[in-house]
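S.K.: In the working numbering, the protein residues as written are 10 to 86.
Backbone N, C-alpha and C fix where the C-beta goes; we use that ideal spot for every residue, glycine too.
These figures come from a predicted structure and were not determined experimentally.
#1: DSSP on residue 65, reduced to helix/strand/coil?
#2: Give me the Cα-Cα distance between residue 35 and residue 20, rounded to the nearest whole angstrom.
#3: Cβ of residue 26 within 8 angstroms of Cβ of residue 37?
#4: Determine the direct distance from the alpha carbon of residue 82 to that of residue 28, and round the result to whole angstroms.
#5: Measuring CB to CB, does residue 64 end up less than 8 angstroms from residue 30?
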């Protein structure tokens, strides 16, 4: 099967699903590790930063469904 969609949509999907959360996680880890003086609690706090991010993504799911449209096309051998 082949997934068909605009390249810009794919890049935006990667940005929303992977790059922004990765940046938030790394940035949060450095900040919370410095503030809390503990790697363990800093890691938990950094993970907790992702909860509001994904909640906002979930709240905007109808808008994102309208924006992202991918088609699956079977491969003919």
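M.R.: Based on what the coordinates show:
#1: helix
#2: 21 angstroms
#3: no
#4: 27 angstroms
#5: no
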